[in-house]
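*Asks:* Have a look at this one before I ask anything.
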Amino acid sequence: MKYVDEFRDGELARGIGKAIRREANPARDYAFMEFCGGHTHAISRYGVIDLLPQNVRMIHGPGCPVCVLPVGRIDMAIGLAMKQSVTICTYGDCLRVPASDGLSLLKARARLDKSRADIRMVYSAADALALAQREPQREVVFLAIGFETTTPPTALVLKQAQALGLKNFSVLCNHVLTPAAIVAILEHPEGNGVQLDGFVGPAHVSTVIGSRPYDFVAAQYKKPVVIAGFEPLDVMQSILMLVRQVNDGRFEIENEFTRAVTRDGNRKAQALVAEVFGLRDSYEWRGLGSLPQSALQIRPEFAAWDAEAKFGLSYAPVADHKACECGTILRGEKRPADCKLFGTVCTPETPMGSCMVSSEGACAAHYNYGRFRDVAVVAA
Amino acid sequence: MKANYTRPLDLKSGRVDMNHGAGGRATAQLVSELFARAFDNPWLAQGDDGAVLPAPAPGERLVMAADGHVVSPLFFPGGDIGSLAVHGTVNDLAVMGARPLYLSASFILEEGYPLAELKRIVDSMAAASRAVGVPVVTGDTKVVEQGKGDGVFIATTGVGALPAGRAPGGARARPGDVVLVSGSMGDHGMAILAVRESLAFDSEIRSDSAPLACLVESLFGAVPAEAVRVLRDPTRGGLATTLNEIARQSGAGMLIEEAAIPVHPQVEAACELLGLDPLYLANEGKLIVVCDPEHAGAALAALRAHPLGAGAARIGTVTADEHHFVQLRTALGGMRMLDWLSGEPLPRIC
Numbered sequence: 204m205k206y207v208d209e210f211r212d213g214e215l216a217r218g219i220g221k222a223i224r225r226e227a228n229p230a231r232d233y234a235f236m237e238f239c240g241g242h243t244h245a246i247s248r249y250g251v252i253d254l255l256p257q258n259v260r261m262i263h264g265p266g267c268p269v270c271v272l273p274v275g276r277i278d279m280a281i282g283l284a285m286k287q288s289v290t291i292c293t294y295g296d297c298l299r300v301p302a303s304d305g306l307s308l309l310k311a312r313a314r315l316d317k318s319r320a321d322i323r324m325v326y327s328a329a330d331a332l333a334l335a336q337r338e339p340q341r342e343v344v345f346l347a348i349g350f351e352t353t354t355p356p357t358a359l360v361l362k363q364a365q366a367l368g369l370k371n372f373s374v375l376c377n378h379v380l381t382p383a384a385i386v387a388i389l390e391h392p393e394g395n396g397v398q399l400d401g402f403v404g405p406a407h408v409s410t411v412i413g414s415r416p417y418d419f420v421a422a423q424y425k426k427p428v429v430i431a432g433f434e435p436l437d438v439m440q441s442i443l444m445l446v447r448q449v450n451d452g453r454f455e456i457e458n459e460f461t462r463a464v465t466r467d468g469n470r471k472a473q474a475l476v477a478e479v480f481g482l483r484d485s486y487e488w489r490g491l492g493s494l495p496q497s498a499l500q501i502r503p504e505f506a507a508w509d510a511e512a513k514f515g516l517s518y519a520p521v522a523d524h525k526a527c528e529c530g531t532i533l534r535g536e537k538r539p540a541d542c543k544l545f546g547t548v549c550t551p552e553t554p555m556g557s558c559m560v561s562s563e564g565a566c567a568a569h570y571n572y573g574r575f576r577d578v579a580v581v582a583a
Numbered sequence: 304m305k306a307n308y309t310r311p312l313d314l315k316s317g318r319v320d321m322n323h324g325a326g327g328r329a330t331a332q333l334v335s336e337l338f339a340r341a342f343d344n345p346w347l348a349q350g351d352d353g354a355v356l357p358a359p360a361p362g363e364r365l366v367m368a369a370d371g372h373v374v375s376p377l378f379f380p381g382g383d384i385g386s387l388a389v390h391g392t393v394n395d396l397a398v399m400g401a402r403p404l405y406l407s408a409s410f411i412l413e414e415g416y417p418l419a420e421l422k423r424i425v426d427s428m429a430a431a432s433r434a435v436g437v438p439v440v441t442g443d444t445k446v447v448e449q450g451k452g453d454g455v456f457i458a459t460t461g462v463g464a465l466p467a468g469r470a471p472g473g474a475r476a477r478p479g480d481v482v483l484v485s486g487s488m489g490d491h492g493m494a495i496l497a498v499r500e501s502l503a504f505d506s507e508i509r510s511d512s513a514p515l516a517c518l519v520e521s522l523f524g525a526v527p528a529e530a531v532r533v534l535r536d537p538t539r540g541g542l543a544t545t546l547n548e549i550a551r552q553s554g555a556g557m558l559i560e561e562a563a564i565p566v567h568p569q570v571e572a573a574c575e576l577l578g579l580d581p582l583y584l585a586n587e588g589k590l591i592v593v594c595d596p597e598h599a600g601a602a603l604a605a606l607r608a609h610p611l612g613a614g615a616a617r618i619g620t621v622t623a624d625e626h627h628f629v630q631l632r633t634a635l636g637g638m639r640m641l642d643w644l645s646g647e648p649l650p651r652i653c
């Protein structure tokens with residue numbers, strides 16, 4: 204496949220792997236956090252770990268939008284469908300996130316009177332808008348989640364809904380911001396001292412916001428960031444660049460993903476987002492707690508399409524399962540297999556925490572792709 | 304003199320109504336003018352409650368398989384629910400090592416469904432059954448109210464004869480055995496998804512829906528029956544899930560080479576676009592063979608010599624692994640698990 208296979212070439216990968224082994228100082232350990240779930244997925248799916256030396260450890264970060272969505276937010280969406288008879292449209296992975304009362308959107312769906320309410324999977328915000336246009340008798344709410352990548356399409360449908368004067372469409376906004384999550388990781392008070400030597404920076408997020416917003420990570424926290432694409436060779440190249448920065452004692456924002464990311468990002472998308480959204484004072488993240496100015500809310504000019512305003516919703520926090528380690532895993536303090544629930548009561552079929560839901564979540568990635576590493580396997 | 308007093312079924316603009324499932328004259332008319340005429344065989348023509356069939360030859364055993372078909376959309380590039388219903392059940396028998404002999408078909412129709420489309424489906428099903436030489440010898444028709452069905456559901460049962468000496472089974476894979484596939488993975492699943500999601504690709508992705516009985520006979524003609532340890536058609540859940548089923552049944556593991564698994568470039572590209580893995584997409588005309596290593600070369604050659612196995616490949620080996628892990632050596636050179644399909648990443652596809 205042109206423009207894809209080039210970034211999955213085994214020979215090139217082995218070459219970069221050798222370079223990392225050659226340059227990584229055997230007298231020390233390196234710990235890098237891949238912020239994005241997309242990187243976690245790529246590392247697991249392509250077996251990148253096997254090409255790295257043992258003293259280079261990759262730590263999963265909080266960059267899976269499904270994983271950081273707290274239970275209370277899913278409860279809001281389920282409540283809308285069950286009590287206010289709306290049709291919730293959202294991305295596939297959201298449907299399986301555990302909510303209160305043993306429910307998830309998928310389980311709630313089975314209890315609905317489909318003639319009045321529904322819960323549907325969509326591939327894009329535009330699909331939700333199209334449904335509202337096609338079925339005017341249906342009250343459609345798009346459950347919007349995601350970092351800066353998925354925010355512009357949500358902004359666009361809000362503008363379109365306003366232009367069309369669409370009365371049966373609104374957005375339940377849960378868009379969150381990457382830099383705030385990085386600060387939370389670096390400053391988390393309960394952290395048991397996860398030592399990070401640098402970050403593999405977000406790919407798609409950075410195509411929107413550019414590399415400039417990470418400058419503070421180098422300036423204030425003296426940690427290197429290398430923005431990388433989601434292909435396995437991108438990830439490996441960025442790890443090599445991080446090893447070099449650490450060896451040189453540098454902490455800079457470097458860009459491996461130059462084919463898509465610039466310093467200033469996509470200004471048109473940024474302007475669109477700024478027109479439709481403002482900052483929330485505070486937003487609760489799963490695993491990271493309430494973070495100030497870490498999420499977006501729909502501006503008052505678009506209140507008619509803001510599900511929270513339209514249906515008078517308010518957020519009520521819900522505690523996670525006591526034994527669930529999603530929080531510490533999201534902060535990089537524990538590995539999935541360290542959680543007592545992992546692989547026993549918590550599996551992709553019966554997820555207790557959100558990290559086990561999306562294939563980009565740390566626990567699901569380890570369960571689906573990497574759990575063979577936890578036990579010795581005898582070859583034929 | 305009038306030939307009969309019944310107005311013929313309006314197969315151009317008529318629609319299924321509740322009478323067609325009530326068991327009275329309208330049902331009888333639908334059966335005789337549509338089903339019996341299309342499937343046209345002496346067992347069905349008798350109009351009895353069941354079919355009286357000859358016993359298998361001495362030494363042979365009977366194999367029976369059931370299958371329900373609820374595909375949406377009902378027509379897709381490369382097939383439709385009618386031909387799929389035949390292929391699916393014929394393949395279930397073929398992968399047991401059996402020669403498929405007879406089919407039954409139960410139609411659950413939704414009130415309001417156009418008779419013209421039903422005729423297309425029934426004709427396609429009849430053509431598929433004739434092509435593979437497996438008649439539909441008995442059937443049933445029910446009608447559900449509008450909104451309670453999805454146009455047409457078809458439940459089929461197949462009966463086949465298992466020749467003496469053949470006993471492929473999911474529990475028979477042994478460490479060291481070779482894993483073969485008969486061709487590209489994920490074509491059916493992606494064809495369905497592309498139509499359902501109205502994805503416009505430059506080149507059409509077609510379902511691989513096909514009857515595998517002949518391919519299986521070629522295989523048994525080329526290698527000793529006992530060398531064929533396991534036969535499976537990787538339908539729902541795709542290659543990945545089917546390999547896990549075999550590994551669990553056999554109490555073994557597998558080591559699969561990603562680079563050796565055939566996938567059409569269009570399917571790969573579409574998967575890339577949708578964030579899906581072709582190894583988890585359904586196939587309706589592909590075979591997995593677990594084979595004694597000594598006869599793997601001959602088995603692969605036999606598959607490749609048949610039109611339905613032209614793209615056959617050797618993709619891995621069975622390993623000793625008490626955890627029954629199916630491991631994949633990625634094209635990049637790393638290792639990972641090729642795990643069971645978890646949940647349902649796609650809407651229902653077959």
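First to last, the sequence lines map onto chains V and D.
Note that the first sequence covers residues 204 to 583 in our numbering.
Note that the second sequence covers residues 304 to 653 in our numbering.
Every residue, glycine too, gets a C-beta built ideally from N, C-alpha and C.
The structure displayed is predicted, hence computed values, not measured ones.
#1: Given that a residue counts as buried once 16 or more other Cβ atoms are within 10 Å of its Cβ, and exposed if not, what is A602 (chain D)?
#2: Cα separation between F433 (chain V) and G305 (chain V)?
#3: Under 7 Å Cβ-Cβ, which residues of chain V neighbour G645 (chain D)?
#4: Between which two residues does the alpha helix (DSSP H) carrying I246 (chain V) extend?
#5: Let me make sure I understand the geometry here. Which of D:P596, D:G324 and D:L347 has the alpha-carbon closest to that of S335 (chain D)?
#6: Count the C-beta pairs between the stretch 398-412 of chain D and the stretch 374-382 of chain D that are closer than 8 Å, then say yes if the count reaches three, no if not.
#7: Could you check what DSSP says for E560 (chain D) in three-state terms: helix, strand or coil?
#8: Can you tell me whether N377 (chain V) is buried or exposed, with buried defined as 16 or more other CB within 10 angstroms of its CB?
#9: Tell me the rounded alpha-carbon separation between D330 (chain V) and R499 (chain D).
#10: Assign L576 (chain D) to buried or exposed, taking buried as 16 or more other Cβ atoms, counted over all protein chains shown, within 10 Å of its Cβ.
#11: Pick from V:P356, V:G490, V:L361 and V:A383: whose alpha carbon is nearest that of P503 (chain V)?
#12: Cβ of G556 (chain D) within 9 Å of Cβ of F628 (chain D)?
#13: Classify R231 (chain V) as buried or exposed, calling it buried when 16 or more other Cβ atoms lie within 10 Å of its own Cβ.
#14: Go through its chain and collect everything with a Cβ distance to A467 (chain D)'s Cβ below 7 Å, but skip five positions before and after it.
#15: I'd like the list of long-range same chain contacts for W643 (chain D), defined as Cβ closer than 6 Å, with 5 residues on each side in sequence excluded.
#16: Quick one: list the residues of chain D neighbouring A333 (chain V), beta-carbon separation under 8 Å, in chain order.
#17: Flag G250 (chain V) as yes if its beta-carbon sits less than 9 Å from any beta-carbon of chain D, otherwise no.
#18: Does the beta-carbon of M428 (chain D) have 16 or more other beta-carbons within 10 angstroms, so that it is buried, or is it exposed?
#19: Compare the C-beta of L306 (chain V) against all C-beta atoms of chain D and say whether one is closer than 9 Å.
#20: What are the start and end residues of each continuous beta strand (DSSP E) run of 3 or more residues lying completely inside the stretch 298-325 of chain V, in chain order?
#21: I'd like to know if the stretch 243-252 of chain V and the stretch 269-284 of chain V are in contact, where contact means that at least 3 CB-CB pairs between them fall below 8 Å.
#22: Can you tell me where the beta strand (DSSP E) with P376 (chain D) in it begins and where it stops?
#23: Roughly how many angstroms separate the alpha carbons of S432 (chain D) and R551 (chain D), rounded to a whole number?
#24: Could you give the DSSP three-state label for L365 (chain D): helix, strand or coil?
#25: Which residues of chain D have a Cβ atom closer than 8 Å to the Cβ of F514 (chain V), listed in chain order?
#26: Would you say A434 (chain D) and L522 (chain D) are within 9 Å of each other, going by their C-beta atoms?
#27: Quick one: what does DSSP say C270 (chain V) is sitting in, helix, strand or coil?
#28: Compare the beta carbon distance of V482 (chain D) and V398 (chain D) with 9 Å and say whether it is the shorter of the two.
#29: Looking at the strands, I want to know which residues DSSP matches up with L576 (chain D).
#30: Is any beta-carbon of chain D found at less than 9 Å from that of L254 (chain V)?
#31: With a cut-off of 8 Å on the beta carbons, I'd call S561 (chain V) and C239 (chain V) a contact; round off their distance for me.
#32: What ranges does the beta strand (DSSP E) occupy inside the stretch 425-472 of chain D, keeping only unbroken runs of at least 3 residues that lie completely in it?
#33: Could you pull out every unbroken alpha helix (DSSP H) segment of at least 4 residues lying fully inside the stretch 362-447 of chain V, listed in chain order?
#34: Closer than 9 Å, CB to CB, is F575 (chain V) near chain D or not?
#35: So that I know if they touch, is there some Cβ in chain D lying closer than 9 Å to that of A583 (chain V)?
#36: Which bits of chain D does A565 (chain V) rub up against, with CB to CB less than 7 Å?
*Replies:* Reading it off the structure:
#1: When all chains shown are included, A602 (chain D) counts as buried.
#2: Their Cα atoms are separated by approximately 34 Å.
#3: The sequence given here places Ser at residue 645 (chain D); Gly does not occur at that position. From the beta-carbon of S645 (chain D), the residues of chain V found nearer than 7 Å are P551, E552 and N571.
#4: In the DSSP annotation of this structure, the continuous segment of the alpha helix (DSSP H) that includes I246 (chain V) starts and ends at G240 to R248.
#5: Of D:P596, D:G324 and D:L347, the residue nearest in Cα terms is D:L347.
#6: The stretch 398-412 of chain D is not in contact with the stretch 374-382 of chain D.
#7: Of the three classes helix, strand and coil, the one that applies to E560 (chain D) here is strand, per DSSP.
#8: Per the 10 Å Cβ criterion, buried.
#9: Approximately 13 Å between the Cα atoms of the pair.
#10: With fewer than 16 other Cβ atoms within 10 Å, it is exposed.
#11: When the alpha-carbon of P503 (chain V) is set against those of V:P356, V:G490, V:L361 and V:A383, the nearest one is in V:L361.
#12: In this structure, G556 (chain D) sits near F628 (chain D), with a CB-CB distance shorter than 9 Å.
#13: That one is exposed.
#14: Within the same chain, A467 (chain D) has close Cβ partners G362 and E363.
#15: Within the same chain, W643 (chain D) has close Cβ partners T544 and N547.
#16: At a beta-carbon threshold of 8 Å, none of the residues of chain D lie near A333 (chain V); the nearest stands roughly 11 Å away.
#17: The beta carbon of G250 (chain V) falls within 9 Å of a beta carbon belonging to chain D, placing the residue at that interface.
#18: Its Cβ being crowded by 16 or more others within 10 Å, M428 (chain D) is buried.
#19: Answer no: the Cβ-Cβ gap between L306 (chain V) and chain D never drops below 9 Å.
#20: Correct list: 321-324.
#21: Not touching, per the Cβ criterion.
#22: Careful: P376 (chain D) lies outside any beta strand (DSSP E) and carries neither H nor E.
#23: Their Cα atoms are separated by approximately 33 Å.
#24: Under the three-state reduction of DSSP output, L365 (chain D) falls in the strand class.
#25: Residues of chain D whose Cβ lies closer than 8 Å to the Cβ of F514 (chain V) do not exist; the shortest such Cβ separation is about 28 Å.
#26: Cβ distance not < 9 Å, so A434 (chain D) and L522 (chain D) don't count as in contact.
#27: The answer is coil: DSSP assigns C270 (chain V) none of H, G, I, E or B.
#28: No, they are not a contact pair.
#29: Under the DSSP definition of a beta bridge, L576 (chain D) lacks any partner.
#30: True, the Cβ-Cβ gap to chain D drops below 9 Å.
#31: About 12 Å separates the two Cβ atoms, so there is no contact after all.
#32: As for any beta strand (DSSP E) of minimum length 3 sitting wholly inside the stretch 425-472 of chain D, the runs are 439-447 and 455-465, ordered along the chain.
#33: Runs found: 381-390, 407-412 and 418-424.
#34: Interface residue, yes.
#35: With a pLDDT of 46 at A583 (chain V), under the threshold of 50, the modelled position of that residue is not reliable, and the figure given next carries that caveat. It does; some Cβ of chain D falls within 9 Å.
#36: Ordered by position in chain D, no residue passes the 7 Å Cβ test against A565 (chain V), which lies about 15 Å from the chain.
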